[in-house]
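Inspection log for the structure reproduced underneath, given as structure tokens.
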Amino acid sequence: MTHTGAPRRLSAPGSVLCGLAAALGLAAALGLAAALGLAAALWVAAALGPALAQSLPTAAENLTPGDLDSEHLFGFTEGSDLGVPGEAELEWETSGRLGRRVARFLTVDSSLALKVPLTNDFRLAPGVTFNAYDIGAPGSPARTTGGFNGGFLETRVRLMDRRTAPFGLTLNIVPGYGTVDGGTGVPARSFGTEIGLLADREIIPGKLIAAVNVGFALSTTRLTVMDAPVRGSGIEVAGALAYCVRPGLFLGGEARYARTYDGLALDRFAGEAVYLGPTAYMTLSPQAWASFTWSFQVAGQATGEPGPLDLSSFDRHQMRLRVGYSF
């Protein structure tokens with residue numbers, strides 16, 4: 325996963341409950357809540373029998389008919405699975421962000437993580453991050469930079485296993501540190517944390533699976549020692565479906581709604597965005613897999629700015645490529 329001091333899924337520049345209520349309200353107006361509600365209704369209504377616990381590495385599990393490892397089937401949305409004890413997985417993730425209000429905005433964020441399940445329900449994943457920026461605005465010199473950014477430690481705890489419970493549910497906590505400001509590409513010191521709940525359910529066992537994620541992120545960024553820190557936070561609700569076209573190949577789609585705020589506790593609303601996009605996952609070998617998604621901002625609003633999109637806090641296009649290898 326690409327983690328920096330700033331929120332990964334949520335652009336960092338009230339209460340959490342008020343923010344979530346507003347998020348779901350706008351999502352309903354745009355049809356996202358309907359999609360999430362349908363997915364939730366399907367997984368609750370589906371009468372599935374208990375399945376065997378996961379016993380194979382991620383890639384091999386998705387290559388075997390009837391078995392699933394859900395973590396990376398969806399794109400930006402993630403499933404509740406953790407892998408199995410004794411399996412270590414090396415994962416490379418590259419995310420591209422394209423299109424802001426400035427004349428030219430292109431960033432590439434990459435990370436390398438080692439995922440180590442310590443038990444069936446607990447996993448640690450330390451990692452390092454890298455990035456590259458190509459930003460240009462009228463009247464300002466172009467900025468092209470890149471290199472090492474920072475590090476993170478992802479901790480996941482499975483609260484419910486969908487193989488023995490109505491659905492799967494995992495708590496994800498990721499503190500991180502970064503040396504580059506994610507919005508401008510200038511050197512900075514950034515500390516942040518992401519907290520998320522990852523839920524999933526097999527609608528058709530081994531064939532169709534749905535996932536819903538709810539996340540909160542906050543970060544503090546200081547450009548120089550003399551500058552005052554910039555504090556931001558955000559929330560995101562995401563839903564996705566993935567269908568097994570053939571063993572080892574899953575195609576689907578996802579919808580995401582995100583809000584960003586000034587302040588660490590969702591203090592002052594800054595902007596919102598809705599993303600839609602297709603997803604694809606492929607098993608490359610019994611030990612290797614790859615996934616890709618490309619999301620487009622289809623609706624949004626920035627505070628105090630005209631237009632149907634928020635291109636100040638969010639990107640017009642977001643892409644993500646992941647490759648993993650188990651050993």
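If you read the sequence shown in my numbering, its first letter stands for residue 325, the second for the next number, and so on.
Glycine is no exception: its CB is placed at the ideal position from the N, C-alpha and C atoms.
Here the structure is a predicted model, which means the values were calculated and not measured.
### Counted within 10 angstroms of its Cβ, other Cβ atoms place Ser609 as buried (16 or more) or exposed
exposed
### Message
Looking at Tyr457: is its Cβ nearer than 9 Å to the Cβ of Val408?
### Response
no
### Query
Between the stretch 544 to 553 and the stretch 590 to 610, do at least 3 Cβ pairs fall closer than 8 Å?
no
### Query
Can you check whether the CB of Trp613 is closer than 9 Å to the CB of Ala449?
no
### Query
Which full runs of the beta strand (DSSP E) of 3+ residues lie inside the stretch 507 to 562, going along the chain?
511 to 528, 532 to 546
### Query
Is the number of C-beta pairs between the stretch 438 to 454 and the stretch 412 to 425 that are closer than 8 Å three or more?
yes
### Task
In angstroms with no decimal places, state the Cα-to-Cα distance between Asp391 and Gly500.
33 Å
### Query
Considering only C-alpha positions, which residue in the set Val498, Ser615, Gly474 is nearest to Arg480?
Val498
### Query
Which of helix, strand or coil does DSSP assign to Ala589?
coil
#### Entry: Cβ neighbour criterion (16 or more within 10 Å) applied to Val510
exposed
### Task
Return yes when the Cβ of Phe620 is within less than 9 Å of the Cβ of Arg644, no when it is not.
no
### Task
Taking Ala523 and Gly492 to be in contact with their CB atoms under 8 Å, please state how far apart those CB atoms are, rounded to whole angstroms.
6 Å
### Task
Report the option in Gly576, Gly624, His641, Glu629 whose CA atom is closest to the CA atom of Thr603.
Gly576
### Task
With a threshold of 16 other CB atoms inside 10 Å of the CB of Arg570, please say whether the residue is buried or exposed.
exposed
### First through last residue of the beta strand (DSSP E) which encompasses Glu411
Taken as a continuous stretch (DSSP letters only), Glu411 belongs to no beta strand (DSSP E), as it is neither H nor E.
### Query
Straight-line CA distance for Asn455 to Phe429?
13 Å
### Task
Check Ala579 in the structure and name its three-state DSSP category.
strand
### Message
Quick check on Phe540: buried or exposed, where buried means 16 or more other Cβ atoms within 10 Å of its Cβ?
### Response
buried
### Task
Rounded to whole angstroms, what's the CA-CA distance from Gly628 to Glu578? Just pull it up for me.
29 Å
### Message
Just verifying my parser: in three-state terms, what is the DSSP assignment at Ala383?
### Response
helix
### Task
Could you pull out every residue in the same chain whose Cβ sits closer than 6 Å to the Cβ of Leu633, ignoring the five residues on either side in sequence?
Gln621, Gly624
### Task
Could you pull the start and end residues of the beta strand (DSSP E) that Arg646 belongs to?
641 to 650
### Message
Am I right that Val538 and Gly556 are in contact with their C-beta atoms under 8 Å? What's the rounded C-beta distance?
### Response
Their Cβ separation, rounded to whole angstroms, is 18 Å, which puts Val538 and Gly556 out of contact at 8 Å.
### Query
Since Glu478 sits in a beta bridge, which residues does DSSP pair it with?
Ala449
#### Entry: Segment limits, beta strand (DSSP E) that includes Pro610
Element bounds for Pro610: n/a, residue is neither H nor E.
### Query
With respect to the beta strand (DSSP E) encompassing Ala461, which residues constitute its N-terminal and C-terminal limits?
Looking at the DSSP string, Ala461 is not in any beta strand (DSSP E), and its letter there is neither H nor E.
### Query
How many whole angstroms separate the CB atoms of Tyr585 and Arg592, which I take to be in contact at a CB cut-off of 8 Å?
6 Å
### Message
Using C-beta distances below 6 Å, list every residue in its chain close to Glu478, excluding the 5 sequence neighbours before and after it, in chain order.
### Response
Ala449, Val498
### Task
Would you mind reading off the limits of the beta strand (DSSP E) that contains Leu430?
428 to 443
### Query
In this structure, does DSSP put Glu402 in helix, strand or coil?
coil
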